[in-house]
Structure formats: structure tokens, C-alpha cells
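Heads up: the structure comes next, in C-alpha cells.
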Amino acid sequence: MASIIINKNLEEIIRYTENLSIEAVLLMVSLFFIVLAKSYNPARFYTFLPLFLSDRYLKIYGKEQSPKTDWFNVFLFIAQLIILTLIISFALRAYNFINHRYYIVIALTLFTFISVKYLIEKTVAAIFEIDKFISHFHFYKLSYKNLIPVLLLPLLTIFIFAHVNKKVVITSIIIIFLLLNIISLTLTIKKHQKEILQWLFYFILYLCALEILPYLIAIKLMLAD
């Protein structure tokens, strides 16, 4: 009986030690960058948090000359990249697509995907001469996309540290992530409906080519094996 208890305790210690490995470090690093964003501009950060409930942040900071390239968004983007890397890795392992941690590969792939997509967006905007509209539209998207991983951080923490059904938690995270992205895109389109109607044909091309097709291709490649 004593040996069973000892073995059980050792198993718990081993699991706890594993939880304090690379996943916990990456989680702490993402939290560090969120704290950096808050420290860099506390007033902006607290205006940013209720973004899904109020568009005050978008009205105030969307008027800046270059709202996407300041340090506030850079810090949040790094946090977003780390959190999404963890979520993708956990999901792939939970559904048996991969058996090992490929954090560097996933992070680099994700960064490349986002960068290439952004450059294509800028190119398309320049070709159709809708730079100002796309820049403003992209700022709205970026703001929501930076917030969504922050909102998912508590669930991700539960996934890493708590003894729960991993597949249920990661499935919940994915569903919430998709729902929040749909809501954010809907809100962004609603706030730009006048401009969208003005360039409706170009916007439909943009939506299909850059907001839907890249994700379908990514899913197709992921399920190819």
C-alpha cells in the first residue's frame, strides 16, 4: 500500500515537473510581453482590454499615423505569436497529428504566414489604390487579433497546469478562438460598411483571396498526411 502511494506521488511530481518545462516557460514569456505592453502604455492597455465591448480604443488609436508599428502592438504581437504557437502545438498533439513538440517550426511557419499575408495585403491595396482603407481595416483586425490570445491565456494556463481532459480543453480553446475571430471580423466589416460598399468588388476579392483562401490552404496542408 505504501509503495502504491509513493509511486502515485512520484507520478504527480513527474507530471508537475513536465508542466514546468518549455510550455510553462513560453507561457511566462508571453505573459512578460503582455506586461511590457501594459507598462509601455498603461492607459492604452486598459482601453484595449474591453475591445469587444467598446470601440473607444479603435476610435482613439486608429487615428494615429502609423498605428500598427508602435511598440505596444509589437509586444502584443510577440505574445500573440507565442500563445498561438502553443495552441497549435497542443491541438496537433491532442488530435495525434504530431507526437513531438515543434515550437520553433510552428512559430517560424506562423510568423512567415502572417508576414507574407500582410505583404500581399499591402500589395493588393497598392494595386487597387485603396491603401488608406486597407491600412485602417488592418488596424482593426490587428487590434482584435492581439486581444484574442490574451483572452485565451487563462484557458491555456489551465490546459498546461491543471489535471483536466486535455482534448476537451484544447477543443474549447479552438472553438472560442474561432468564434472570437468571426465576431471580430463581423465587427470590423460592420464598422467599415460604407467603405466596403464603395469598393465592394475589390473587397470581395480581398476577403476571398486573403481572409479565407490562406486558412483553407493551411488546413489542407496540415491534413495532407
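Residue numbers (the working numbering): 12 to 236.
Idealized CB from N, CA, C, for every residue including glycine.
Predicted, not measured: the structure shown is a model, and the values here were computed from it.
{"Item": "Proximity winner among Phe144, His149, Pro165, Leu163, relative to glutamine 209 (alpha-carbon distances)", "Value": "Phe144"}
{"Item": "Which of helix, strand or coil DSSP assigns to leucine 190", "Value": "helix"}
{"Item": "Three-way DSSP call (helix, strand, coil) for alanine 90 in this model", "Value": "helix"}
{"Item": "Cβ-based burial, phenylalanine 212 [other Cβ within 10 Å; buried from 16]", "Value": "exposed"}
{"Item": "Meets three-Cβ-pair contact criterion under 8 Å: the segment 185–194 and the segment 117–136", "Value": "no"}
{"Item": "Contact set for leucine 47: own chain, Cβ-Cβ below 7 Å, skip 5 residues either direction", "Value": "Phe86"}
{"Item": "Three-way DSSP call (helix, strand, coil) for arginine 112 in this model", "Value": "coil"}
{"Item": "Three CB pairs or more closer than 8 Å across the segment 161–175 and the segment 183–191", "Value": "yes"}
{"Item": "Whole-Å CB distance - histidine 203 paired with phenylalanine 148, under 8 Å assumed", "Value": "6 Å"}
{"Item": "Whole-Å CB distance - leucine 62 paired with serine 154, under 8 Å assumed", "Value": "6 Å"}
{"Item": "Isoleucine 138 classed as buried or exposed, judged by whether at least 16 other C-beta atoms fall within 10 angstroms", "Value": "exposed"}
{"Item": "Three-state secondary structure (DSSP) of leucine 60", "Value": "coil"}
{"Item": "Rounded distance between the beta-carbons of asparagine 157 and histidine 44, thought under 8 Å", "Value": "The sequence given here places phenylalanine at residue 44; histidine does not occur at that position. Actually they do not touch by this definition, with Cβ atoms about 11 Å apart."}
{"Item": "Nonlocal neighbours in the same chain, by C-beta distance under 7 Å from lysine 178, ignoring five residues either side", "Value": "Ala105"}
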